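Using UniProt numbering, you'd call the opening residue of the sequence shown number 1 and step up by one each time.
The structure under discussion appears below in the form of structure tokens.
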Amino acid sequence: MPPQWRLPPGVTRGAWDYFQSPQVAEKYDDYFAEEPLFAFDQQVLAEQFAPPGVVADLGCGTGRALVPLVRAGHRGIAVDLSPHMLRVVREKADREQLAIECVEANLVDLNPIADAACDYAMCLYNTLGMVRGRANRRQALGEFARILRPGGRLVLHAHNWWFNLYDPGGPWWLLKNTLQSAVSRDLELGDKYYSYRGVQNFFLHVFRSREIAADLRSAGLTITRRIPLDSRTRGSLSHPWLVSGLRAYGWVLVCRRP
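What follows is the structure, given as structure tokens:
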């Protein structure tokens, strides 16, 4: 286990423990088997990623979103910092003889992937929020843009900071997070630490709408479609014109590299 100072940029100790856990990877598909957001993701991806091309799945997990796309004719690049997740992806690819290349890399540094190598990229289930530090998240988005060809599309998912209003204890957390982030150099507005799937001090950043929009602009990416998400159906929020900034539990953002 590396000391804190040797962890990759943007990776917390809790995130490192998550990436290095074979149990998390082996049980990933079963754990999320009933997650309806994944089906909605697939609809959006099938619509946005046409015609077939090279797709990078950034923070791919076990390839749950990438495998169906490659079955449909795309070529895939599966990127994750977890060797155990990538092992599961390789097993799936070998079993079906799918054109998927696996790359073990940190989202902040996608150096193994060449400039403009991909027609499409995706970073789903708030995986970007696992990167600690806004500068690191912006660096990751810059890498996402770099590997996309001009005109290429990115589909990104982000959780909404304001949706904590509806969680038990959420309003108190919002107040505490606001105050702590104002006085601490080690905590940004939206940073959360909690226990997750047996990992202590798991880190996740949740976003404000203007924050993620500004971060995407800083990377030279243009939002072409913003889909606010319903917490119950995990699909599009009904009546999105009605204070969706407070009602949406997150967004699926379709972006384009000019």
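Beta carbons are placed, not taken as given, at the ideal position from N, Cα and C, and that holds for glycine.
Quick caveat, the model's predicted, so the values are computed rather than measured.
Distance between residue j and residue i (C-alpha atoms, nearest Å)
{"i": "S238", "j": "L156", "result": "20 Å"}
{"i": "V103", "j": "L81", "result": "8 Å"}
{"i": "D94", "j": "I223", "result": "35 Å"}
{"i": "R75", "j": "A15", "result": "28 Å"}
{"i": "G220", "j": "R153", "result": "12 Å"}
{"i": "L165", "j": "Q20", "result": "33 Å"}
{"i": "I227", "j": "D167", "result": "21 Å"}
{"i": "Y125", "j": "G169", "result": "23 Å"}
{"i": "L246", "j": "W162", "result": "6 Å"}
{"i": "A105", "j": "A121", "result": "15 Å"}
{"i": "A114", "j": "R197", "result": "34 Å"}
{"i": "Q48", "j": "H205", "result": "26 Å"}
{"i": "A158", "j": "V252", "result": "7 Å"}
{"i": "Q136", "j": "G53", "result": "Per the sequence shown, residue 136 should be read as Asn rather than Gln. Cα to Cα, the separation comes out at about 28 Å."}
Exposed unless 16 or more other CB atoms sit within 10 angstroms - verdict on residue i
{"i": "R132", "result": "buried"}
{"i": "P83", "result": "exposed"}
{"i": "A145", "result": "buried"}
{"i": "N177", "result": "buried"}
{"i": "L242", "result": "exposed"}
{"i": "G190", "result": "buried"}
{"i": "V183", "result": "exposed"}
Paired residues, beta bridge with residue i - DSSP
{"i": "residue 273", "result": "Nothing in the structure corresponds to residue 273, since the chain is present only between 1 and 258."}
{"i": "E104", "result": "D80"}
{"i": "C123", "result": "L156"}
{"i": "K192", "result": "L204"}
{"i": "V55", "result": "G76, Y120"}
{"i": "I147", "result": "BP columns for I147 are empty, so no partner."}
CB contact flag (residue i, residue j, <8 Å)
{"i": "S231", "j": "Y249", "result": "yes"}
{"i": "V79", "j": "L58", "result": "yes"}
{"i": "C118", "j": "V70", "result": "no"}
{"i": "F207", "j": "G129", "result": "yes"}
{"i": "L148", "j": "R257", "result": "yes"}
{"i": "L187", "j": "E143", "result": "no"}
Measuring CB atoms only, is the region 63-71 touching the region 84-98, in the sense that at least three cross pairs come out at less than 8 Å?
Enough Cβ pairs lie closer than 8 Å, so yes.
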